[in-house]
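S.K.: Sequence positions in the sequence shown follow our numbering and run 15 to 758.
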Amino acid sequence: MKCGTRSLAVFGALALSAMGLVPAAWAADTSQSGEASPGLVDTPIPDIQAVGEGDDSAMVGATVTTVGVVTAAYPAAESGLGATLDGYTIQTPGSGGAWEPGRTRSDGLFVYAGKKGDIPAPGTCVRVTGTVGEFPATSAKGNPQSLTQLAATSVSVVEGCQAPTPIPATRVPTPDEAEAHESMLLAPQGTWTITDNYQTNQYGTLTLTPGESPLRSATDVVAPGQAARDYEAANAARAIALDDGTNTNLQKGTATEAAYAYLANGSPARVGYHVAFTKPVVFEPRHGSFVFQPTSMVAGHPDRSPATITGERPSAPTVGGDTRVATFNVLNYFSDLGVDEAGCTGYPDRTGAFVTAKKCKVRGAFSREAFANQEAKIVSAINALGADVVALEEIENPVAVGVGTDRDASLARLVEALNKDAGAGTWAYVPSPGAVPVAEDVIRVAFIYKPATVAPVGSSLIHDDPAFTGLARQPLAQEFARVTGERSTPASFVVIANHFKSKGSVPEGAPAGNVDNGDGQGNANAIRVAQAGALASFAAQFADKLTLLVGDFNSYSQEDPIKALEAAGWERVSGAGESSYVYAGRSGSLDHVFANAAAKPLLADVTSWAVNAQESIAFEYSRAGMNAHLAVEADNPYRSSDHNPELIGLTLLGGDTPAPTPSADPSAAPSPSVEPSADPSASPAPAPSRAATASSRKTPTRAATAGGLARTGADAGPAIGIGILLAAAGGGLILLSRRLRRRG
15 MKCGTRSLAV FGALALSAMG LVPAAWAADT SQSGEASPGL VDTPIPDIQA
65 VGEGDDSAMV GATVTTVGVV TAAYPAAESG LGATLDGYTI QTPGSGGAWE
115 PGRTRSDGLF VYAGKKGDIP APGTCVRVTG TVGEFPATSA KGNPQSLTQL
165 AATSVSVVEG CQAPTPIPAT RVPTPDEAEA HESMLLAPQG TWTITDNYQT
215 NQYGTLTLTP GESPLRSATD VVAPGQAARD YEAANAARAI ALDDGTNTNL
265 QKGTATEAAY AYLANGSPAR VGYHVAFTKP VVFEPRHGSF VFQPTSMVAG
315 HPDRSPATIT GERPSAPTVG GDTRVATFNV LNYFSDLGVD EAGCTGYPDR
365 TGAFVTAKKC KVRGAFSREA FANQEAKIVS AINALGADVV ALEEIENPVA
415 VGVGTDRDAS LARLVEALNK DAGAGTWAYV PSPGAVPVAE DVIRVAFIYK
465 PATVAPVGSS LIHDDPAFTG LARQPLAQEF ARVTGERSTP ASFVVIANHF
515 KSKGSVPEGA PAGNVDNGDG QGNANAIRVA QAGALASFAA QFADKLTLLV
565 GDFNSYSQED PIKALEAAGW ERVSGAGESS YVYAGRSGSL DHVFANAAAK
615 PLLADVTSWA VNAQESIAFE YSRAGMNAHL AVEADNPYRS SDHNPELIGL
665 TLLGGDTPAP TPSADPSAAP SPSVEPSADP SASPAPAPSR AATASSRKTP
715 TRAATAGGLA RTGADAGPAI GIGILLAAAG GGLILLSRRL RRRG
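1. Beta strand (DSSP E) containing ALA438: first to last residue?
2. What's the gap between the Cα of SER319 and the Cα of ILE208?
3. So is the beta-carbon of GLY663 under 8 Å away from any non-hydrogen atom of the ligand NAP?
4. Identify the residues that DSSP records as bridge partners of PRO362: which are they?
5. Are the beta-carbon atoms of SER349 and GLY286 separated by less than 9 Å?
6. Going by CA-CA distance only, name the one from VAL459, VAL450, SER446, PHE482 that's closest to GLY472.
7. Assuming contact is defined by CB atoms lying nearer than 9 Å, are LYS372 and THR359 in contact in what I supplied?
8. Can you tell me the Cβ-Cβ gap for THR260 and MET198, rounded? I've got them flagged as a contact below 8 Å.
9. Can you name the residues that DSSP bridges to ALA491?
10. For LYS614, is the classification buried or exposed, using 16 other Cβ atoms within 10 angstroms of its Cβ as the cut-off for buried?
11. Check GLN63 in the structure and name its three-state DSSP category.
12. Using the rule of at least 16 other Cβ atoms within 10 Å of the residue's Cβ for burial, across every protein chain shown, is ASN279 buried or exposed?
13. Just list the residues that DSSP pairs PHE461 with in beta bridges.
14. Which one or two residues does DSSP pair with MET198 in a beta bridge?
15. Helix or strand or just coil, what does DSSP make of GLN159?
16. According to DSSP, what are the bridge partners of ASN346?
17. Should ALA648 and ALA436 be called a contact, given that it needs their Cβ atoms to be closer than 9 Å?
18. Quick check: the Cα distance between VAL459 and SER519, rounded to an integer number of angstroms?
19. Would you list the one or two residues that DSSP bridges to SER303?
20. According to DSSP, is TYR245 part of a helix, a strand, or is it coil?
21. From GLU191 to THR118, what distance separates their C-alpha atoms?
22. With DSSP as the reference, identify every bridge partner of CYS139, one or two as the case may be.
23. Do THR143 and VAL171 have their beta-carbon atoms positioned less than 9 Å apart in this structure?
24. Near ASP258, what residues of its chain come up, given a Cβ to Cβ distance below 6 Å and the 5 sequence neighbours on each side ignored?
25. Name the DSSP beta bridge partners of HIS643, please?
26. Strictly by DSSP, which residues pair up with TYR276?
27. So if DSSP puts ARG600 in a beta bridge, which residue, or which two residues, is it bridged to?
28. Please report the residue range of the beta strand (DSSP E) in which ALA618 lies.
29. Does any C-beta atom of chain D lie closer than 9 Å to the C-beta of ALA627?
30. Under 9 Å between the Cβ atoms of GLU410 and VAL456?
31. Among the candidates PRO294, TYR570, ALA272, ASP210, whose CA atom is the shortest distance from the CA of PRO282?
32. Helix, strand or coil for SER381? Go by DSSP, reduced to three states.
33. Please report how far the alpha carbon of PRO489 lies from the alpha carbon of ASN512, in whole angstroms.
34. Is the segment 490–498 close to the segment 460–471, with three or more CB pairs under 8 Å?
35. Could you name the residues that DSSP lists as bridge partners for GLY122?
36. Using 10 angstroms around the beta-carbon of GLY663, count the other beta-carbons present and answer buried if the total reaches 16, otherwise exposed.
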């Protein structure tokens, strides 16, 4: 019998139902029914989708027969990837086409065929008999956001069915709309924007939001607390993943040989790139949230993508002024490698070769090849910035690691690599001062500079304060002065580099106020507030000089530590350009620049370079060799770190103010009366006994300070950490991360 005819079996089943001999649902008729399976009558898909407990079908466990048109197909045989969807989606013939206000039941249904089951081609009308279930399996309390499916036992072709029509979608369906459109065809309209790409190289997903901008971190926009919770709830309602038609971990087994769905060299799918859909998608729950599923497997077949992705990688920005200062978190730059540490293991690439160190004394690269990739990207990025002074975060401290006696060894190695690329003598580093804290972190902050344009005035000064001891990196201050051109007031400037405690963990024994309370500020907020206060007190001694506070403050712009610095008189002058960090699909700035009153008149520009945070981690050196079709692009700066650098332009030249009076005895603190180094071709030596060269470097003395080794911004390793994301009201559409990540 053709679609659109009525079977006599329906009337018989209705009679049997009236006598209580068969379930009423089995007797239901539909105008699209074909021949019924023996003993059963076609059950409309909306009846199968009718919910019982939670979001589960009321018919779980029942055997039914239904008719639908195949809208998506995912055969296992074509993939060779391992975990695939192993089924197909059907939809009520002739359904769809427009949003229906008040719709409560979906016209779509996933049919599970298994590894060896028959999977009809899209467009085929089929009659399917099978058992109703939920995936993941239902429980006594129901399983919200599970996928209603039919485990097929038989399937036959039906002729003459009308094809369903995709429903136009200009936004993410609300939680109330989601279940009513489960497994139905949608046609996303207009511009969508990539707001997260963290899992694109592992699980093949891109997180999208409608409109032309990525979602923002709540506390980078509004105050912590209820305002942040409300903001994040709105964020969650506007985010949805575009999946790749598989359940496959693309970093395991044969899947590492498959091309990524939405990511390739030359097509980086950056956060902020725009997406336009060219084909319909299936709207279905997977991995705990609703997703846009392509109608065929795109993993390994990027030509099947249902969307086009457009955007451009930004080149290094230019800023005004004549002197440029930058801050750059260099992502655990360790010149001591895991391969040289006894017992150290690492995170492997697809061949089993270790790339990054895992739970070792050292962090960062395990192999020399990985370090070469890491260093090449960092060198490319720093040399492209055009800065005269760069404050660095996450440089190895070999003394604190316990692998060397020269605190500056890794810093010197980086300068050597920079000069090899830019030309001999282009860069120098500020050596460690004579006294350093006893208790330091294994990573530290540091300064490099271009001797042709600036030189240190006096030695650097570490702020060894209990607020940082054993908790984070101590701030580092250094005064610099121009060595070319006429001078204007002031003739020198002070930069203080910072790297506050991360949000990822709470130190053992930490006082109250440091456990994440859900206000959006994460863990260790009270510690960071105390660090902000200590920094403000320390920096007050430079109030009469042009002074900048720069670095990774591990705090978004509306959070308590930033407000504490502003209350102390420091103006946050950064924020132009794209956000410096992307976490869990939210863009915000953890890296900041603050200026005092003396600095404000001479500030020309402050901006960020979105060279890292918006890039997929697939291009990070730590993911080299993870996929046969993707290179880490070691010849360019993109994803040289996970933080974006900030770039500051100062106007210092052109006046008649004379240079500072030379001093025969450089002080320990930045001084207003010390002449810059007369020899700009080498790393400056504030005192001959502390000369820092590649061939002769000595260990600084260590001041007696209590405390143990600090945690770092990468508390759980180079690529994995713990982050805090606000729980969102109506979170049925939040993409749950399938992998914890590093934060700050």
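Positions of the beta carbon are idealized from the N, C-alpha and C atoms, including for glycine.
M.R.: Looking at the coordinates:
1. For ALA438, no beta strand (DSSP E) encloses it, and the DSSP letter there is neither H nor E.
2. If you draw a straight line from the Cα of SER319 to the Cα of ILE208, it is about 15 Å long.
3. With respect to small molecules bound, the structure shown includes none, and the ligand NAP cannot be examined in it.
4. Beta-bridge pairing links PRO362 to PHE368.
5. Against a cut-off of 9 Å, the Cβ pair of GLY286 and SER349 comes out as no contact.
6. Ranking the options by Cα distance to GLY472, first place goes to SER446.
7. Going by C-beta atoms, LYS372 is nearer than 9 Å to THR359.
8. Actually they are not in contact, since the Cβ atoms of THR260 and MET198 sit about 20 Å apart, beyond 8 Å.
9. According to DSSP, which records beta bridges pairwise, ALA491 is partnered with LEU475, ILE510.
10. Counting the other Cβ atoms within 10 Å of the Cβ of LYS614 gives fewer than 16, which makes it exposed.
11. DSSP, reduced to helix, strand and coil, places GLN63 within a helical segment of the structure shown.
12. By the Cβ neighbour-count rule, ASN279 is exposed, with fewer than 16 other Cβ atoms within 10 Å of its own.
13. The partner list for PHE461 (beta bridge, DSSP) reads ALA405.
14. DSSP output for MET198 lists PHE297 as bridge partner(s).
15. Reduced to three states, the DSSP call for GLN159 is coil.
16. Per DSSP, none; premise fails for ASN346.
17. Contact: no.
18. About 20 Å.
19. Paired residue(s): ARG300.
20. Secondary structure of TYR245 (DSSP, three-state): helix.
21. As the crow flies, the alpha-carbon of GLU191 is around 8 Å from that of THR118.
22. Per DSSP, VAL83.
23. Against a cut-off of 9 Å, the Cβ pair of THR143 and VAL171 comes out as no contact.
24. Excluding positions up to five away in sequence, the list reads GLY218, ALA275, VAL312, ALA313.
25. Answer by DSSP bridge pairing: none, since HIS643 is not bridged.
26. Beta-bridge partners of TYR276 (DSSP): none assigned.
27. TYR597.
28. Taken as a continuous stretch (DSSP letters only), the beta strand (DSSP E) holding ALA618 covers 617–622.
29. No chain D appears in the structure shown, which is made up of a single protein chain.
30. Going by C-beta atoms, GLU410 is nearer than 9 Å to VAL456.
31. Among PRO294, TYR570, ALA272, ASP210, the Cα nearest to that of PRO282 belongs to ASP210.
32. Annotated three-state conformation of SER381 is coil, per DSSP.
33. So the two alpha carbons sit approximately 5 Å from each other.
34. At 8 Å Cβ cutoff, the stretches touch.
35. Paired residues: GLN105.
36. Buried, because 16 or more other Cβ atoms sit within 10 Å of the Cβ of GLY663.
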